[in-house]
Amino acid sequence: MKKTVYPVILTEINDKKTPYLVYVPDFDTQTQGKDLADAIYMAEDVISLVGITLADDKKSIPKPSKAYDIDIACSPWHGEKNVISETVTLVPVDFGAYRLRMRNLSVRRNVTLPAWLDEEASKSGINVSAVLQEALKERLQLG
Numbered sequence: 001m002k003k004t005v006y007p008v009i010l011t012e013i014n015d016k017k018t019p020y021l022v023y024v025p026d027f028d029t030q031t032q033g034k035d036l037a038d039a040i041y042m043a044e045d046v047i048s049l050v051g052i053t054l055a056d057d058k059k060s061i062p063k064p065s066k067a068y069d070i071d072i073a074c075s076p077w078h079g080e081k082n083v084i085s086e087t088v089t090l091v092p093v094d095f096g097a098y099r100l101r102m103r104n105l106s107v108r109r110n111v112t113l114p115a116w117l118d119e120e121a122s123k124s125g126i127n128v129s130a131v132l133q134e135a136l137k138e139r140l141q142l143g
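Take 1 as the starting number for the sequence shown in the working numbering and just add one per residue.
Encoded structure:
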């Protein structure tokens, strides 16, 4: 999978709960983090999510700007009195890997079964979710 690197503006503010704010100029979006690592992770997540959404909508994903072209003053928090520091940093993203990760997330689905069948499955130690997955794969011929 190919990684792309996007510049972001990291703003540290005087706030114990979420001291790091992140602005992504190429996508005009923002996020936050409870610490520096979380802020970088959240930046990767928001860039990836917006990127695959654009692709799914048949829109182009912005090409990354050069870090040296980013003006910190474009940050929504620039000049606020609770700002401790602001810096431009780079965040690597892999849209393909993110799409695969999103595709493999489990979803919760409410299934209705006759009570007696649920009781028998429980007595037998059968994992109803696993059986349902197997049956759906077989029915859909997904291997």
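For every residue, glycine included, the Cβ atom is placed at its ideal position computed from N, Cα and C.
{"Item": "Here's a check: name, in chain order, each residue in its chain whose Cβ is nearer than 8 Å to the Cβ of V5, leaving out the five neighbours to either side.", "Value": "P64, L90, V91, P92 and V93"}
{"Item": "Under 8 Å, do P7 and A73 count as touching if we go by C-beta distance?", "Value": "no"}
{"Item": "What's the C-alpha gap between V128 and R108?", "Value": "13 Å"}
{"Item": "How is L36 classed by DSSP in three states: helix, strand or coil?", "Value": "helix"}
{"Item": "Taking 8 Å as the limit between beta carbons, can you name the residues of its chain near D15, skipping five residues before and five after?", "Value": "N82"}
{"Item": "If you draw a straight line from the C-alpha of M153 to the C-alpha of S48, how long is it?", "Value": "The structure shown does not extend to residue 153, since the chain spans only 1 to 143, so no value can be given for it."}
{"Item": "Thinking C-alpha only, which one of I126, D28 and L21 is nearest A37?", "Value": "L21"}
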